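Q: Structure provided below as structure tokens; questions to follow.
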């Protein structure tokens, strides 16, 4: 499959905390590194890191700069290449606007969740869309997952990973890796 | 598939550094958390964390204790449950001895690598062994991967993930998640 038109977004707001309240979470270093490496491996075009907080944008900028132009760039060129696809943004609206502007096709927004939702799309059906070159945006939530207002904005939701397990608490880094492999992996 | 007899080991020695020398690497907090959560989700029996260094065993013990009996256990019971499958050990020999003792069947040791090796086993063939209730131990390396002396001790090696990508630098946390999903995932 050549040139998938697939982007990924990690949302830090609005997400849920463990009691189900809507919160904004903090950006973590490992989410930038692990997810950009997985995204780059599977040919994802862009990894959006969404947070409305200005100080968090500064933190993302400092981390990326270290690996793009600082000591990190010389010590680890592979890390530089992965982090080049990271783009800090304010919110989902900004991402959709950027992916829509100047393009004929509307981006198909797919949310992910540890629970089942009504407007489910199977992995196979989403693979078909990707193969048909329909631009796809995959949404992942930090903390305890994407808030309902984000779920409502999505065109569809992927089924939860390993829902029949008696333990269902994957890290978002694991979930991204597994979902990219299910959709784009050559097995 | 009921009760897979599958264990996982993350080796910190002997592994390779980026110039191909054999080294011992440091234990990282996230490797304990992310990998135990993925392992627990997919029904892995035991997650061995192997390092010969005594101070690293103390570090592992402190991290696990915090989540098993400290404040973390009350704040996050799901994390407690995941970390309960972690077992610090000295080396691969200790793991194989533990998995062999008192059992009729020899454990089938499978290495993982970002490169191709001669004694390859396909994901399908390994799934068959798991379904036949053959005990399997999956080996993962930190740093730049398992040293040749470990590869030689393995009964087989899984093919690299996404080997045809122009970027092949997944984190070990991503690699574990993807391989568990390929072998044990309900799709």
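Chains as they are written, first to last, in my numbering: chain V, 1 to 187; chain U, 188 to 374.
Beta carbons: idealized from backbone N, C-alpha and C, even for Gly.
Model, not experiment: these values are computed from the prediction.
1. Suppose contacts are defined by Cβ-Cβ distances below 8 Å. Is residue 186 of chain V in contact with residue 114 of chain V by that definition?
2. Say whether the region 296-313 of chain U touches the region 343-353 of chain U, bearing in mind that this needs 3 or more beta-carbon pairs closer than 8 Å, one atom from each stretch.
3. Grab me the residues of residue 220 of chain U's own chain with a C-beta within less than 6 Å of its C-beta, minus the 5 sequence neighbours each way, in chain order.
4. Buried or exposed, going by whether 16 or more other CB atoms sit within 10 Å of the CB of residue 36 of chain V?
5. Measuring CA to CA, which of U:364, U:253 and U:337 is closest to residue 210 of chain U?
6. On the DSSP letters alone, give me the boundaries of the alpha helix (DSSP H) that residue 302 of chain U sits inside.
7. Using DSSP bridges, identify the partner residues of residue 99 of chain V.
8. Sort out for me which residues DSSP pairs residue 194 of chain U with in a bridge.
9. By the three-class DSSP mapping on this structure, what secondary structure does residue 365 of chain U have?
10. Give me the chain V residues within the contact set of residue 373 of chain U, using Cβ-Cβ distance strictly less than 7 Å, ordered along the chain.
11. Residue 275 of chain U to residue 17 of chain V, Cα distance in whole Å?
12. At the level of alpha carbons, what is the spacing between residue 178 of chain V and residue 161 of chain V?
13. Any beta carbon from chain V within less than 8 Å of residue 361 of chain U's own beta carbon?
14. Return yes when the Cβ of residue 110 of chain V is within less than 8 Å of the Cβ of residue 140 of chain V, no when it is not.
15. Buried or exposed: residue 293 of chain U, going by 16 or more other Cβ atoms within 10 Å of its Cβ?
16. Would you say residue 71 of chain V faces chain U, with C-beta separation under 8 Å as the test?
17. Excluding five sequence neighbours on each side, which residues of the same chain lie with their C-beta closer than 8 Å to the C-beta of residue 283 of chain U?
18. Evaluate residue 261 of chain U with the Cβ neighbour count: other Cβ atoms within 10 Å of its Cβ, from every protein chain shown; 16 or more gives buried, anything less gives exposed.
19. Below 8 Å between beta carbons: does that hold for residue 10 of chain V and residue 50 of chain V?
20. What separation, rounded to the nearest whole angstrom, lies between the Cα atoms of residue 311 of chain U and residue 90 of chain V?
21. Would you mind telling me which residues of chain V sit closer than 9 Å to residue 357 of chain U, beta carbon to beta carbon, in chain order?
22. From which residue to which residue does the alpha helix (DSSP H) around residue 314 of chain U run?
23. Contact criterion: CB-CB distance below 8 Å. Does residue 302 of chain U meet it with respect to chain V?
24. Taking 8 Å as the CB-CB cut-off, is residue 83 of chain V touching chain U?
25. Which of the three DSSP states, helix, strand or coil, is assigned to residue 22 of chain V?
26. So, residue 243 of chain U versus residue 214 of chain U, is the Cβ gap smaller than 8 Å?
27. Given that a residue counts as buried once 16 or more other Cβ atoms are within 10 Å of its Cβ, and exposed if not, what is residue 335 of chain U?
28. Pull up the DSSP beta-bridge partners for residue 274 of chain U, would you.
A: Walking through what the data contain:
1. Not closer than 8 Å, so no.
2. Verdict: yes, contact present.
3. No residues qualify anywhere along the chain.
4. Around the Cβ of residue 36 of chain V, a 10 Å sphere holds 16 or more other Cβ atoms; the residue is buried.
5. Nearest neighbour of residue 210 of chain U by Cα position, chosen from U:364, U:253 and U:337, turns out to be U:337.
6. Secondary structure note for residue 302 of chain U: it is in no alpha helix (DSSP H), with a DSSP letter that is neither H nor E.
7. In the DSSP output, where bridge partners are listed per residue, residue 99 of chain V has none listed.
8. Residue 194 of chain U is bridged to U:233 and U:324.
9. Residue 365 of chain U: helix per DSSP, three-state reduction.
10. Contact of residue 373 of chain U with chain V by beta-carbon distance below 7 Å involves 162 and 164.
11. Near 32 Å, if we compare the C-alpha coordinates of residue 17 of chain V and residue 275 of chain U.
12. Taken atom to atom, the span from the alpha-carbon of residue 178 of chain V to that of residue 161 of chain V is near 8 Å.
13. True, the Cβ-Cβ gap to chain V drops below 8 Å.
14. The answer is no: Cβ separation not under 8 Å.
15. With a threshold of 16 other beta carbon atoms within 10 Å, residue 293 of chain U falls short and is exposed.
16. Taking Cβ atoms only, chain U never reaches closer than 8 Å to residue 71 of chain V, which makes this a no.
17. Cβ within range, chain order: 294, 296 and 324.
18. Classification for residue 261 of chain U: exposed.
19. One thing to note: residue 10 of chain V has its Cβ within 8 Å of the Cβ of residue 50 of chain V.
20. Distance from the CA atom of residue 311 of chain U to the CA atom of residue 90 of chain V, rounded to whole angstroms, is 43 Å.
21. Scanning chain V for C-beta atoms nearer than 9 Å to the C-beta of residue 357 of chain U yields 34, 37, 38, 41 and 177, reported in chain order.
22. Where residue 314 of chain U is concerned, the enclosing alpha helix (DSSP H) stretches over 310-318.
23. Look at residue 302 of chain U: its C-beta is not under 8 Å from any C-beta on chain V.
24. By this cut-off, residue 83 of chain V is not an interface position.
25. Here residue 22 of chain V sits in strand by DSSP.
26. Taking 8 Å as the Cβ cut-off, residue 243 of chain U and residue 214 of chain U qualify as a contacting pair.
27. By the beta-carbon neighbour count (other beta carbons within 10 angstroms, threshold 16), residue 335 of chain U is exposed.
28. Listed as beta-bridge partners of residue 274 of chain U by DSSP are U:235.
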